[in-house]
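Trainee: First the structure, then my questions, so here it is.
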Amino acid sequence: MRSNFLVSACSTLLVLSIQIGCQASTFESQPRSLGDGTVRTYVELDDNGSPTEVGVILSGDALSNLPDHAEEYLLQLPPEASTTAITHIGLDWRSHGHAPDEIYHLPHFDVHAYVISPREREAITATGANLETVYATPAPELIPAGYVLAPESAEPRQGAHWIDPTADEFHGVPHGFDHTMIYGFYNGEMAFVEPMVTIDFLQSQQEFEGAIALPARYARPGAYPTAYRITYNEATGEHVIALTDFTRSAPISQTPNH
Numbered sequence: 007m008r009s010n011f012l013v014s015a016c017s018t019l020l021v022l023s024i025q026i027g028c029q030a031s032t033f034e035s036q037p038r039s040l041g042d043g044t045v046r047t048y049v050e051l052d053d054n055g056s057p058t059e060v061g062v063i064l065s066g067d068a069l070s071n072l073p074d075h076a077e078e079y080l081l082q083l084p085p086e087a088s089t090t091a092i093t094h095i096g097l098d099w100r101s102h103g104h105a106p107d108e109i110y111h112l113p114h115f116d117v118h119a120y121v122i123s124p125r126e127r128e129a130i131t132a133t134g135a136n137l138e139t140v141y142a143t144p145a146p147e148l149i150p151a152g153y154v155l156a157p158e159s160a161e162p163r164q165g166a167h168w169i170d171p172t173a174d175e176f177h178g179v180p181h182g183f184d185h186t187m188i189y190g191f192y193n194g195e196m197a198f199v200e201p202m203v204t205i206d207f208l209q210s211q212q213e214f215e216g217a218i219a220l221p222a223r224y225a226r227p228g229a230y231p232t233a234y235r236i237t238y239n240e241a242t243g244e245h246v247i248a249l250t251d252f253t254r255s256a257p258i259s260q261t262p263n264h
């Protein structure tokens, strides 16, 4: 009887330890206010402690009562994300879209996942002589496959924006822009990875998952995403915009998936 009790107790503890271990693989930041709700960041680690996902979680009411002007929400990552190349996230709410007006005019979020530091961002003025540094051409192997520089796309504290010319929004597809992937460069190096998603797409509770174009190599160490995902959790009413499938080495050739 005592033996059976000990076996049962040990089995229960084992199950609990496994459950706790699984729960501990996801780490979240403290939430901050957004609209009538909140936003927070998270990182997910695998069994070996390597990052697999980094993203933002928006509560359902965060999509209500957003400001009628552009605003950046600076979001810190949990310390467990330190092995990724991503240093922090700038969640930019674009209430009236942005240029080019015929493409990105819809209200949307720009999720800037920066691989440069906040201090480095402050040096980007995108004016005068700094424009030469903003538009410095990266080495070919640092450019994600198929991406091209968007003309006149320099932004202060961000850099120059690089786009995928095969994306739906550039080919007259009805409602072509509901989500897309942008890269940013400064001084010839990647500055950010940027999923963009319209508020209409989020409110529709549709979901998306796909690979992103990759460069042959990266200028800075760390783990980088190879895909992104937009999901809706019916149980919690939360929206997730995530960079996923992190790897420390990218294949030379990758085909974008839209």
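Here our numbering runs 6 ahead of the position in the sequence shown, where the first position is 1. Here a beta-carbon is modelled for each residue, glycine too, at the ideal position from N, C-alpha and C.
My parser needs the alpha helix (DSSP H) runs of 4 or more residues fully inside the region 131 to 171; what are they?
Mentor: Taking only runs of at least 4 residues, the alpha helix (DSSP H) segments lying wholly in the region 131 to 171 are 136 to 140.
Trainee: On a Cα-Cα basis, can you pick out the residue from 74, 200, 239 that is closest to residue 232?
Mentor: Translated into positions along the sequence shown, residue 232 becomes position 226. That would be 200, whose Cα lies nearest to the Cα of residue 232.
Trainee: Between which two residues does the beta strand (DSSP E) containing residue 100 stretch?
Mentor: Walking along the sequence shown from the start, residue 100 turns up at place 94. Unbroken beta strand (DSSP E) run through residue 100: 94 to 100.
Trainee: Can you look up residue 53 in the DSSP assignment and give me helix, strand or coil?
Mentor: On the sequence shown, position 47 is the one that residue 53 refers to. Coil.
Trainee: Rounded to the nearest angstrom, what separates residue 129 and residue 194 at their Cα positions?
Mentor: On the sequence shown, residue 129 is found 123 positions in, with the first residue counted as 1. On the sequence shown, residue 194 is found 188 positions in, with the first residue counted as 1. Going from the Cα of residue 129 to the Cα of residue 194 covers about 15 Å.
Trainee: Using CA coordinates, which residue listed in 49, 126, 219, 185 is at the minimum distance from residue 211?
Mentor: Within the sequence shown, the letter at position 205 stands for residue 211. For the residues 49, 126, 219, 185, the minimum Cα distance to residue 211 belongs to 185.
Trainee: Do you know how far the Cα of residue 215 is from the Cα of residue 239?
Mentor: In the sequence shown, residue 239 corresponds to position 233, counting from 1. In the sequence shown, residue 215 corresponds to position 209, counting from 1. Roughly 14 Å between the two C-alpha positions.
Trainee: Give me whichever residues DSSP pairs with residue 110 in a beta bridge.
Mentor: Locating residue 110 in the sequence shown gives position 104, counting from the first residue. Answer is none; residue 110 lacks a bridge partner.
Trainee: Spatial neighbours of residue 206 within its chain, please: CB distance less than 6 Å, with the 5 preceding and 5 following residues excluded, ordered by chain position.
Mentor: What you label residue 206 is simply residue 200 of the sequence shown in a count that begins at 1. Cβ within range, chain order: n/a, list empty.
Trainee: Determine the DSSP secondary structure at residue 91, reduced to helix, strand or coil.
Mentor: Numbered from its first residue, the sequence shown carries residue 91 at position 85. Reduced to three states, the DSSP call for residue 91 is coil.
Trainee: What number of angstroms, rounded off, separates the C-alpha of residue 28 from the C-alpha of residue 86?
Mentor: Taking the first residue of the sequence shown as 1, we reach residue 28 at position 22. Taking the first residue of the sequence shown as 1, we reach residue 86 at position 80. Because the pLDDT at residue 28 is just 44, under 50, the model does not fix this residue reliably, and the value given afterwards should be weighed accordingly. Roughly 15 Å between the two C-alpha positions.
Trainee: State the Cα-Cα distance for the pair residue 136 and residue 166, rounded to the nearest angstrom.
Mentor: The count along the sequence shown starts at 1 and reaches residue 136 at position 130. The count along the sequence shown starts at 1 and reaches residue 166 at position 160. In a straight line, the C-alpha of residue 136 is about 11 Å away from that of residue 166.
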